[in-house]
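Asks:
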Amino acid sequence: MAMCDAYQKIIGLGPDAVPLIIAQMQSEADEPDQWFWALQVLTGVDAVADEDRGDFLKMSQSWISWAENAGYVW
Amino acid sequence: MRAMSGSWDPSEFPRLTKDNYGVTSPATRRYNCIAWAARDTSRKWWPDPRNIGWWPAGVQRAETIEAFVEAYGTLGFRLCYDGSLQPGIEKIAIFGMRSAENEPPTPTHAALQLESGDWTSKLGDFEDISHSNVEAVIGPVYGKVVCYLSRPRPHNAR
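If you read the sequences in order, they're chains V and S.
Just so we're aligned: 15 in the working numbering is position 15 of the first sequence, and the numbers increase by one with no gaps anywhere.
The working numbering runs 1000 ahead of the 1-based position in the second sequence.
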């Protein structure tokens, strides 16, 4: 997925895409999609604890918390 | 075995027919095929370079057959000769595809053998199915079986 054209275009939007991705991820509720690669590339951060890797719901929650603390608004 | 059609693209699994598989649980993105074969429905297992998927600690994080064998090895699985049904033994088939003839296969999928001799697979983000033979999910997405692993079947395993 991360290598597909559409995904790469989202990354190509640059940091402005971060709140859009966070909003999308939040709207996906219990089954978030694979936005983590894009978020890592766009922010230079890995917001996920090792024990939560692979658990997309926990990973999504970690990223939403991180975005709130970083001052993003969506 | 009665087939209930799943939500995947049938062209991706041309060997699945109405007689050789059944859908056993709803589509979900919570876990993937590698986790499913390890009986873990809480997360996705994958050794991607960005540490997004979960991978057993101490196992090389590489998309190679060796790394997948090592990962299942943390659960007690060891390489074995084939996918034949053996009483008291649980088996996993690891699938792979080659990008070129002289390249090693890259892992694509894993299926778990049930006590009945049927196999169970999670098809991407789609449903879990049971299939009567391991070759039923061979095709353009998963390639073919590269190796088999086995371990003593857990007492509470189906």
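Virtual Cβ for every residue (Gly too), placed ideally from N, Cα, C.
Roughly how many angstroms separate the alpha carbons of P32/V and P1105/S, rounded to a whole number?
Replies: Rounded to whole angstroms, P32/V to P1105/S spans 30 Å at the Cα level.
Asks: Below 8 Å CB to CB, which residues in the same chain sit around G14/V once its five sequence neighbours on both sides are set aside?
Replies: Cβ neighbours of G14/V beyond the five flanking positions: L42.
Asks: Assuming contact is defined by CB atoms lying nearer than 7 Å, are G1124/S and L1085/S in contact in what I supplied?
Replies: No; because the gap between Cβ atoms is not below 7 Å, this pair is not in contact.
Asks: Mind listing the chain S neighbours of E31/V? Cutoff is C-beta to C-beta under 8 Å, in chain order.
Replies: Chain S residues near E31/V: T1028, R1029, R1030.
Asks: From what residue to what residue does the beta strand (DSSP E) around G1022/S run?
Replies: Residues 1021-1025.
Asks: Please report whether the beta-carbon of Q40/V lies at a distance below 7 Å from any beta-carbon of chain S.
Replies: Taking Cβ atoms only, chain S reaches closer than 7 Å to Q40/V, which makes this a yes.
Asks: From T1074/S to V73/V, what distance separates their C-alpha atoms?
Replies: Each residue's alpha carbon lies about 43 Å from the other.
Asks: Strictly by DSSP, which residues pair up with Y1148/S?
Replies: Beta-bridge pairing links Y1148/S to C1080/S, A1093/S.
Asks: Using the Cβ count rule (16 or more neighbours within 10 Å means buried), how would you classify E1103/S?
Replies: Exposed: under 16 other Cβ atoms inside 10 Å.
Asks: Distance, Cα to Cα, G1006/S vs L1149/S?
Replies: G1006/S and L1149/S: Cα-Cα distance of roughly 27 Å.
Asks: Would you check if the distance between the CB atom of I1232/S and the CB atom of G1096/S is smaller than 7 Å?
Replies: Since the first residue shown for chain S is 1001 and the last is 1158, residue 1232/S is missing from the structure and cannot be characterised.
Asks: Could you tell me which residues DSSP puts in a beta bridge with S1121/S?
Replies: Note: S1121/S sits in a beta bridge opposite I1129/S.
Asks: Hey, how far is the Cα of M25/V from the Cα of Y1142/S?
Replies: Going from the Cα of M25/V to the Cα of Y1142/S covers about 28 Å.
Asks: Under a three-way DSSP split, which group does P15/V fall into?
Replies: P15/V: helix per DSSP, three-state reduction.
Asks: Select from Q8/V, L57/V, A38/V the residue whose C-alpha is nearest the C-alpha of P19/V.
Replies: Among Q8/V, L57/V, A38/V, the Cα nearest to that of P19/V is on A38/V.
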